[in-house]
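Trainee: Quick one: this structure, given as structure tokens, is what I'll be asking you about.
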Amino acid sequence: MKTLTIADILTPERVKLDQECSSKKRALELVSQIVAGAQEGLEAWAIFDTLLARERLGSTGVGRGIAIPHGKLPALKAPVGAFMRLENGIDFDSPDGVPVSLIFAILVPEGGEEAHLAILGQLARRFSDPEFCTAIRQAQNSEIAFSLLTRKVASVEDASGSGTQQEHEHGPP
């Protein structure tokens, strides 16, 4: 089975920049509304309840101004993601206390744990790159942000045949 990528779960319509938001709860409401448009029959309130329930287990704020709220939704047919860049950072109970301004939400169907972990891993690698974070914070529009988020991350083996597993980016932003 093909490993899902960020490009498989995100569309340009689910990339929103410079959203006005004053709280973690409001951020989860906004991202729930964005995700609800991904599949007919998805309800924003059900997505919000799922994300909020996960937050009660512990903050999905990962540090450095980034949060990755996630959860499982039985009504979902396929994994879905949404990205929001906030106008101003908000308190997200992150371990480092830095206000969050970059939010990538992921929802997977029940039983979608493998896809869930694969996407979380890709996002963790992408957001741990300081150059990527700077670029996404400076993106002038949602098309540029979408391109940055979905750009293929390949192993060095793909380019050189050396067998190392270091990541690098292909193509312009």
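With our numbering, the residue at position 26 of the sequence shown is 26, and numbering never jumps. Yeah, the Cβ is synthetic: ideal placement off N, Cα and C, and Gly gets one too. Quantities reported herein were computed from a predicted structural model and do not represent experimental measurements.
Give the secondary structure of R85 by DSSP, where H, G and I count as helix, E and B as strand, and everything else as coil.
Mentor: Position 85 of the sequence shown, counted from the start, is the residue given in the question as residue 85. In this structure, R85 counts as strand in the three-state DSSP scheme.
Trainee: Out of P130, A44, P99, which has the shortest C-alpha to C-alpha gap to V31?
Mentor: The residue you call residue 31 lines up with position 31 of the sequence shown. Of P130, A44, P99, the residue nearest in Cα terms is A44.
Trainee: Compare the Cα-Cα distances from R14 to each of G81, S94, A67, K24 and report the closest residue.
Mentor: Position 14 of the sequence shown holds residue 14. Nearest option by C-alpha distance: G81.
Trainee: With distances taken from CA atoms, which of L4, G37, T134, K77 is nearest R85?
Mentor: Residue mapping note: residue 85 aligns to position 85 of the sequence shown, counting from 1. Cα-wise, what sits closest to R85 is T134.
Trainee: Do you know offhand how far R64's Cα is from E131's?
Mentor: On the sequence shown, position 64 is the one that residue 64 refers to. On the sequence shown, position 131 is the one that residue 131 refers to. Taking the straight line from one Cα to the other gives about 13 Å.
Trainee: Return the chain-ordered ranges of every alpha helix (DSSP H) run that is complete within the stretch 44-85 and spans a minimum of 4 residues.
Mentor: Runs found: 44-57.
Trainee: Between the beta-carbon of G61 and the beta-carbon of A67, is there less than 7 Å?
Mentor: By 1-based counting over the sequence shown, the position of residue 61 is 61. By 1-based counting over the sequence shown, the position of residue 67 is 67. In this structure, A67 lies closer than 7 Å to G61 by Cβ.
Trainee: Check the DSSP bridge columns for K16 and list the partner residues they point to.
Mentor: Counted from its first residue, the sequence shown places residue 16 at position 16. M84.
Trainee: Give the secondary structure of A145 by DSSP, where H, G and I count as helix, E and B as strand, and everything else as coil.
Mentor: Numbered from its first residue, the sequence shown carries residue 145 at position 145. Helix at A145.
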